[in-house]
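Enquirer:
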Amino acid sequence: MNYKIKTLAIAVLMATGAGVANANSQTCDVDMAYDVNLNGNEIVFTKNNQESVVIKDSNSLSLDGKAQRLTAKQVQLLHEYAEQVRELLPAASEIAEDASLLALDAVRDVTSVLLEHNPAKAEEIIARVDTIAAELKKHISDSHLRPEAIGDYLAGAEFEKEFEALMEESVTEFVQVNIPTMVAAAMSGNEEKVKAFEERMEKFGQEMESKYEAKAKIIEQKADALCDLVKQIEAKEDSFVNAFADYEKYQLIQ
Numbered sequence: 001m002n003y004k005i006k007t008l009a010i011a012v013l014m015a016t017g018a019g020v021a022n023a024n025s026q027t028c029d030v031d032m033a034y035d036v037n038l039n040g041n042e043i044v045f046t047k048n049n050q051e052s053v054v055i056k057d058s059n060s061l062s063l064d065g066k067a068q069r070l071t072a073k074q075v076q077l078l079h080e081y082a083e084q085v086r087e088l089l090p091a092a093s094e095i096a097e098d099a100s101l102l103a104l105d106a107v108r109d110v111t112s113v114l115l116e117h118n119p120a121k122a123e124e125i126i127a128r129v130d131t132i133a134a135e136l137k138k139h140i141s142d143s144h145l146r147p148e149a150i151g152d153y154l155a156g157a158e159f160e161k162e163f164e165a166l167m168e169e170s171v172t173e174f175v176q177v178n179i180p181t182m183v184a185a186a187m188s189g190n191e192e193k194v195k196a197f198e199e200r201m202e203k204f205g206q207e208m209e210s211k212y213e214a215k216a217k218i219i220e221q222k223a224d225a226l227c228d229l230v231k232q233i234e235a236k237e238d239s240f241v242n243a244f245a246d247y248e249k250y251q252l253i254q
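Here full-length UniProt numbering is used: position 55 in the sequence shown is 55, and no number is missing along the way.
1. Could you work out which residue in 90, 244, 210 is closest to residue 137 when comparing CA atoms only?
2. When burial is assigned at 16 or more other CB atoms within 10 Å of the CB, is residue 111 buried or exposed?
3. Please state the DSSP three-state secondary structure of residue 115.
4. Taking 9 Å as the threshold (beta carbon to beta carbon), is residue 131 in contact with chain B?
5. Quick one: residues in its chain with C-beta nearer than 7 Å to the C-beta of residue 41, no 5 flanking neighbours on either side, listed in chain order?
6. Ends of the beta strand (DSSP E) at residue 46?
7. Would you identify the three-state DSSP class for residue 240, choosing helix, strand or coil?
8. Shortest alpha-carbon distance to residue 94 belongs to which of 143, 253, 148?
9. With DSSP as the reference, label residue 252 as helix, strand or coil.
10. Which residues does DSSP pair with residue 62 in a beta bridge?
11. Go to residue 31, then tell me how far its beta strand (DSSP E) extends in each direction, as first and last residue.
12. How far does the beta strand (DSSP E) with residue 142 in it extend, from its first residue to its last?
13. Might you give, ordered along the chain, the residues of its own chain that have their beta carbon closer than 7 Å to the beta carbon of residue 61, omitting 5 neighbours on each side?
14. Between the beta-carbon of residue 92 and the beta-carbon of residue 133, is there less than 9 Å?
15. Using a threshold of 9 Å, state whether the C-beta atoms of residue 35 and residue 222 are closer than that.
16. Contact defined as beta carbons within less than 8 Å: I believe residue 250 pairs with residue 63. What is the distance between those atoms, to the nearest angstrom?
17. Give the straight-line distance between the Cα atoms of residue 39 and residue 245, rounded to the nearest whole angstrom.
18. Rounding to the nearest angstrom, what Cα-Cα distance links residue 226 and residue 106 in this structure?
19. If residue 88 sits next to residue 253, beta carbons under 8 Å apart, how far is it from one beta carbon to the other, in whole angstroms?
20. Where residue 130 and residue 101 are concerned, what is the direct C-alpha to C-alpha distance, given to the nearest angstrom?
21. Do residue 32 and residue 135 have their beta-carbon atoms positioned less than 9 Å apart in this structure?
22. Using the beta-carbon count (16 or more within 10 Å), is residue 207 buried or exposed?
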């Protein structure tokens, strides 16, 4: 399956409407062949819950349960490769955490304005967004990365649909509460009230744009750095394969 390294962060930003203009500076499309797990001093690549690759202490290698004999040069290349794989999970997890927090903050800000008359409803929506973020975290952490599960979750469209539904729900209730009041104010000639409402909404929109575009840019920069790391891992992996051909069919990055 095709897993975009930046998909997780950008999907959250797109769903919340933050950082859309800056979300396409670099794409990082790769095929990751395995789930990756860090178990203490071991790096384990699994597929269908079966261990295919185990790198222990960054200097010993087992393939399908069979220990491999490596030369000193091969061990050095394996070590360099393994150390960068170890960097991948915390870097990816940090982006996922940042993006999820950004989504929650954005929803809190939106609901605080659109649902100020109904704080209980606002809290309900925030709780639902928190649940969505928690689902994603099941597949990515400092100790595991499940790219296929993330891809399936996002590809299922439930992720973005749920965010859209929550926002539509907030907007609908806001309109139902405020529009009749604004229409009545306009019809009665209360232009000051209408103008105050318009200015409030415009200010809110500007504040949201300023606040979240800046934060989204930071996440995007981290995602770009993650793309660079993946490219470095791919280069180290290719170097190891050139020195140890038996590893070719076990490559993480295809």
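Just so you know, even glycine gets a beta-carbon here, dropped at the ideal spot from N, CA and C. Being a predicted model, the structure only gives us computed values, none of them experimental.
Expert: Reading it off the structure:
1. 90
2. buried
3. coil
4. In the structure shown, chain B cannot be found, because there is only a single protein chain.
5. 56, 57
6. 42–47
7. helix
8. 143
9. coil
10. 54, 67
11. Here residue 31 belongs to no beta strand (DSSP E), and DSSP marks it neither H nor E.
12. No beta strand (DSSP E) contains residue 142, which DSSP labels as neither H nor E.
13. 55, 68, 70, 78
14. no
15. no
16. 6 Å
17. 26 Å
18. 24 Å
19. At roughly 10 Å, the Cβ-Cβ gap does not stay under 8 Å, so residue 88 and residue 253 are not in contact.
20. 9 Å
21. no
22. exposed
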